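Numbering (this note's numbering), first residue to last: 133 to 322. Cβ coordinates follow ideal geometry from the N, Cα and C atoms, glycine included. Just so it is clear, the structure is predicted and the values come from calculations on it, not from any experiment. For reference, the structure is listed below as structure tokens.
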Amino acid sequence: MQLKVTQQQQLVPPANDTLPVSLRVEREEVLQDVLSAVGDETYSCRRSGPTLSWTPTGAEATLVDQARNSVGTVMPNRMFNAYDGSYVIGRVVGDEPVTPGALPWQRLATRFNTGERTGEGRFARTTSIQRVLTSGGLPPDPVCGQEGLSLFVPYSATYLFYRAADPSAVAPSPADAAAAPPLNAASAVQ
């Protein structure tokens, strides 16, 4: 029996409560965006004690929405850049090897967000990011032969972007707090 796909398949990410505990986002966060990524995980051959091994240096990938439109990029140092100019930088707070032979699934907390104060841009209110449904991205051998070489390993993943359910719960930086008027229920915009 042959299956003929006539409509685009919609990406169905795992539910937050089905993920390992270290990857789950807070209850106060809501899913704002589901993007897929295809690109390369990059590595550099570096000395670690007496051996040379592949050390990850970051990802370089294109982010695509569910309508199959390219909307941004994943860059080294866990930076997510939208084509509208907004970007967010995350730090790993959860890391689980879920898919054998593929990059671990991760939860990232945002440590910098360009649009937080103004609320402008695709990533303006992002508070957490989950990387799930990974495929590829690991070097074929952890040991390398020549220091300084680079390796690009193809990978794909789904990224789930979350924001605070209550926008006033996103704390501005001290500099922004001094310059911005206080938020209240009447002025908050979802």
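DSSP three-state assignment for residue i, whether helix, strand or coil
i, result
"residue 166", "strand"
"residue 154", "helix"
"residue 216", "coil"
"residue 298", "coil"
"residue 227", "strand"
"residue 149", "helix"
"residue 264", "strand"
"residue 144", "coil"
"residue 277", "coil"
Pairwise C-alpha distance: residue j and residue i
i, j, result
"residue 234", "residue 264", "11 Å"
"residue 276", "residue 179", "9 Å"
"residue 302", "residue 243", "Residue placement at residue 302 cannot be trusted, given a pLDDT of 49 that sits under 50; what the coordinates show is reported in the next sentence. If I take the Cα positions, the gap works out to 12 Å."
"residue 200", "residue 176", "31 Å"
"residue 272", "residue 158", "35 Å"
"residue 184", "residue 237", "25 Å"
"residue 155", "residue 282", "30 Å"
8 Å Cβ cutoff met for residue i and residue j
i, j, result
"residue 294", "residue 162", "yes"
"residue 195", "residue 167", "yes"
"residue 287", "residue 246", "no"
"residue 206", "residue 214", "no"
"residue 289", "residue 259", "no"
**Request:** Kindly confirm or deny that the region 163-178 and the region 222-234 touch, where touching means at least three C-beta pairs closer than 8 Å.
**Result:** no
**Prompt:** Which runs of the beta strand (DSSP E) fall wholly inside the region 169-213 and span at least 3 residues, in chain order?
**Reply:** 183-196 and 202-207
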